[in-house]
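J.:
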Amino acid sequence: MTACAIEGGSAGAAATADPEAEPEPEEPGEPGKPAGADAEKGEAGEEYAGTGEAGEADEAEASRTGADARSGADDAPPPGRFTLTADGAYAARLTAAPGPPGERAWYPERWTLDGPEPYAVPLPLDQPEEPDSEVAPLADGRVLIRRRVADRQMFSLLYPTGPGTGELLLGAVGCAEMTLLPP
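If you read the sequence shown in the UniProt record's numbering, its first letter stands for residue 1, the second for the next number, and so on.
#1: Please specify which runs of the alpha helix (DSSP H), each continuous and at least 4 residues long, are wholly inside the segment 68-148, giving them in chain order.
#2: With DSSP as the reference, identify every bridge partner of residue 168, one or two as the case may be.
#3: Could you tell me whether the Cβ atoms of residue 123 and residue 136 are closer together than 8 Å?
#4: Where does residue 94 land, buried or exposed, given buried means 16+ other C-beta within 10 angstroms?
#5: From 119, 170, 101, 157, pick the residue whose C-alpha is nearest to that of residue 125; which is it?
#6: Closest by CA to residue 102, which one among 141, 170, 130?
#7: Kindly indicate which residue of 132, 109, 128 has the alpha-carbon position closest to the one of residue 179.
#8: Distance, Cα to Cα, residue 181 vs residue 100?
#9: Name the residue from 160, 174, 175 whose alpha carbon lies nearest to the alpha carbon of residue 168.
#10: If residue 138 and residue 85 are in contact, beta carbons under 8 Å, what's the gap, nearest whole angstrom?
#11: Excluding the 5 residues preceding and the 5 following residue 174 in the sequence, name in chain order all residues of the same chain whose CB lies nearer than 6 Å to its CB.
#12: Have a look at residue 149 and residue 109 and give me their C-alpha separation to the nearest angstrom.
#13: To the nearest angstrom, report how far apart residue 113 and residue 165 are at their CA atoms.
#14: Based on Cα-Cα distance, which residue from 81, 162, 90, 177 lies nearest to residue 117?
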């Protein structure tokens, strides 16, 4: 079991993740039964095949629909997605501070993965980020962030500075849509 520590107190307490239990190997159905005859009923009464995948497709569809309704950006990746450096030493993501779902404050977070134990460094600034902002970690530990500001795309480098976050403004590109590609 691996525990991940988070530097600073703003991202919440460090927690240990319990690995999921391995599913039991299933016995094949009786030879005379059709494939769907083994279907079981879930808690809400939905039928699903006895694969242990109880309604995952429905949950994924529901989460996509809910995310599309909440998000102002149509094709923006959901916050929380990790992007890794080419050498695998760092990762970055946009994550939410604890709070009610409609009032969450988003901030960048950089993970160091090349040491004996992975740990996260929150990189919050004076105001929260928009959920459609994108981050990309760099090999030197800094994080490139793209923010939409009116009809421009603004770029900055973020880096930890002791208890705070440093920001180096890089510039802007005048276009409505742009996507950061992983290194």
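Idealized CB from N, CA, C, for every residue including glycine.
T.: Taking the definition as stated:
#1: none
#2: 157
#3: no
#4: The residue is buried, with at least 16 neighbouring Cβ atoms inside 10 Å.
#5: 157
#6: Ranking the options by Cα distance to residue 102, first place goes to 130.
#7: 132
#8: Approximately 31 Å between the Cα atoms of the pair.
#9: 160
#10: 7 Å
#11: 152
#12: 21 Å
#13: 20 Å
#14: Distance check between residue 117 and each of 81, 162, 90, 177 places 90 closest, using alpha-carbon atoms only.
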